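The structure appears right after this line, and notes come after that.
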Amino acid sequence: MISGIGTSGGIGIGNALIIPDKNANINITSIDNPKEEKDRYDKVKAHFIIETEKLILKLKNKLKDNDKVALVLKNQIYLVNDEELNKSIYDIIENEHLCAEAAVLKACDMYINILNSIDSDVINQRIVDIKDLSSRIINMLQGQEELNLSELPNDTVIVANELHPSITAAMDTEHVAGIVARRGGENSHAAILSRALEIPAVLSVKNAMTDIKNNDLVIIDGSSGKIYINPDKNIIEEYREKREEYKLKLKELKEFNGKPTVTRDNKILKLFANIGTDYDAHKAVGKSAEGIGLFRTEFLFMNRISIPDEDEQTEAYKRAVIMCDGKPVTIRTLDIGGDKDIAYMGLEHEENPYLGYRAIRYCLDHKDLFETQLRSILKASAYGNVRIMLPMITCIEEIREVKNIIAYIKNEFDKNGIEYDKNIKIGIMIETPAAAVMADVFAKEVDFFSIGTNDLTQYTMAADRGNENVAYLYSVFNPAVLRTIENVINAAKNNNIGICMCGESAGNPLMIPLLIAFGLEEFSVSPSMILETRKNISKWTYEEACNVKNAVMNMVTKSEITAYLKECGGRYGTDI
Ligand code: PEP
Ligand code: MG
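Each residue of the sequence shown is one higher than the last, beginning at 431 in my numbering.
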């Protein structure tokens, strides 16, 4: 058995097809006539654009107009038309008398070297795109056909070093049982594409290209990341069963798509999605999220090498808002620091980053950046139902200072006739013990709370959320954390303000009865958890949930609480 990162769920069983790396042997020659060579490149470029447009069309048909995925290939068209890139290619042909293949390779490598100095998932992805573009053009210049994957045998498991977007677009996905690649992480295009196509995928598999041979029987588990190569009969049988169970579960969950979120005794709740990009809003709406409970805007800042300006931010927020068509979109202001570093913003190394210069603290100290973001959010509010949410609040001065800034911007907009939602709601994340203790006071300053249990747990238990050595303490089921959550919900309800939870716990099946009984009204979970959470909520009546809560709140250890909740979950048929 070998393993990697499971990036698209499900079980795939089939025969391996190894995709060889492109451009293993590039024929580099010197040329006498640069003009002819540039013409040759121009012709291939025009052909490349036509072929890429065909691929985009294919991909769009497969994905039912899922634009973001096709965007990956559209980017290649933008890039091949990029003036700087073309100038570099012409210059290399002209001045170094190199053939077009060598010029394309050299110019693209120059781009890649610049990007390589930036350590970011998104930039790594751009590098994959440029490599894909470069090798496709070189193939065309050498008169080689693009790899033909349009007709594959049933149950093919694709194995590649790197799954370039053009490979996936050309693939006969109907017959692909799974995808394995040596490179790629959770947010790589390969991962995004395979999830969108609902094909199980395991990426970052170190020895994929050496351990797996063409036609090997391969089982991949896209959830656990395990891969079996030519396994024995028992394992095949076990995974065939798992595959059927998985399909059944998906089918069952699909029945919750488009339905309201209600308890078994018909108490109506709201189920929102946590998103990181405006595109995720599309996914969330597809899973029938009733709004966005957390838009982590820092991802917008990570997806680049400089700060997005006001127009860009406005456009991104606006796209999410329009996509949600009147449903609430809760936009959280920039939450950097802690484990979220943005290289170009130059955050200094800190001894205790989680207790340091992060989120609202950073923003209030960088007013230009913060005001730009608030202006963009306010502008986007003219297009739907936007709420502003502030992260890492610890004291009332922070809330008041932000409210003053927002009032100032609104005033300026009024003077200049810029449209925005005059009644825009302002809320705070409750993710520090300080905010939780002061919840009854803070509730009088804001329109809503959203409980960020990821941080609230770490700060309440004084246990770093990423440190394995203290992971045994980092649990929302510690009575200290549960009591804190209950107090915060009570404070919100006593003051008639909205109360949401957007930390991971909101989708934890064991938490559901407690949250229903505490009186939580809005749950915000990752798009992939929406249907499961809606199903889990539907299993409980308020009275049953209260009985469970009453028992739990009298318990004093995490292990006693989780054991009891597991037993109850099993009894009520929720997914545990
Ligand atoms: C949280 O802390 O619970 C939260 C939702 O914010 P993040 O995970 O982005 O820190
Ligand atoms: Mg947080």
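Ideal Cβ positions, reconstructed from N, Cα and C, are used throughout, including at glycine. Being a predicted model, the structure only gives us computed values, none of them experimental.
Check, Outcome
"Beta bridge counterpart(s) of arginine 762 as assigned by DSSP", "Arg726 and Met819"
"Beta-bridge partners of aspartate 651, as assigned by DSSP", "Ile441"
"Rounded straight-line distance, which links the Cα of aspartate 651 to that of isoleucine 557", "27 Å"
"Cβ-heavy atom distance, proline 783 to ligand 2, below 7 Å", "no"
"Beta-carbon proximity check, isoleucine 854 vs isoleucine 823, cutoff 8 Å", "no"
"heavy atom of ligand 1 below 7 Å from asparagine 516 C-beta", "no"
"Glycine 882 beta carbon near ligand 2 (any heavy atom closer than 7 Å)", "yes"
"Residues bridged to tyrosine 658 [DSSP beta-bridge criterion]", "Ile649"
"Beta carbon of proline 957 nearer than 8 Å to that of alanine 631", "no"
"Glycine 1010, buried or exposed, once every other Cβ within 10 Å from all chains shown has been counted against 16", "Residue numbering for the chain in the displayed model covers 431 to 1006; residue 1010 lies beyond these limits and cannot be assessed."
"Validate contact between the segment 658-665 and the segment 614-623 using beta carbons, cut 8 Å, 3 pairs", "no"
"Segment contact flag, the segment 805-815 with the segment 769-780, C-beta cutoff 8 Å, min 3 pairs", "no"
"Integer-rounded CB distance, given that leucine 489 should sit under 8 Å from leucine 503", "7 Å"
"Per DSSP, cross-strand counterpart(s) of serine 880", "Met859 and Cys930"
"Arginine 830 Cβ short of 7 Å to ligand 1 heavy atom set", "no"
"Contact test: cysteine 793 Cβ vs ligand 1 heavy atom, cutoff 7 Å", "no"
"Short Cβ contact (8 Å threshold) for isoleucine 458 with leucine 515", "no"
"Euclidean distance between Cα positions of glycine 928 and isoleucine 737", "32 Å"
"Exposure label - isoleucine 629; buried when at least 16 CB within 10 Å", "buried"
"Residue range of the unbroken beta strand (DSSP E) whose run includes glutamate 586", "At residue 586 the sequence reads threonine, which differs from the glutamate that was named. 586-590 is the extent of the beta strand (DSSP E) around threonine 586."
"Touch test, the segment 687-694 against the segment 952-971, Cβ-Cβ under 8 Å, three pairs minimum", "yes"
"Three-state secondary structure assigned by DSSP to glycine 767", "strand"
"Alanine 921 versus Leu995, Gly999 and Asp870, residue with shortest Cα-Cα distance", "Asp870"
"Nearest-angstrom Cα separation, counted from isoleucine 858 out to aspartate 851", "18 Å"
"8 Å Cβ cutoff met for threonine 890 and leucine 940", "no"
"heavy atom of ligand 1 below 7 Å from glutamate 861 C-beta", "yes"
"Distance, aspartate 521 Cα to glutamate 849 Cα", "48 Å"
"Contact check, isoleucine 856 vs isoleucine 836, beta carbons under 8 Å", "yes"
"Proximity test, glycine 436 beta-carbon vs ligand 1 heavy atom, cut-off 7 Å", "no"
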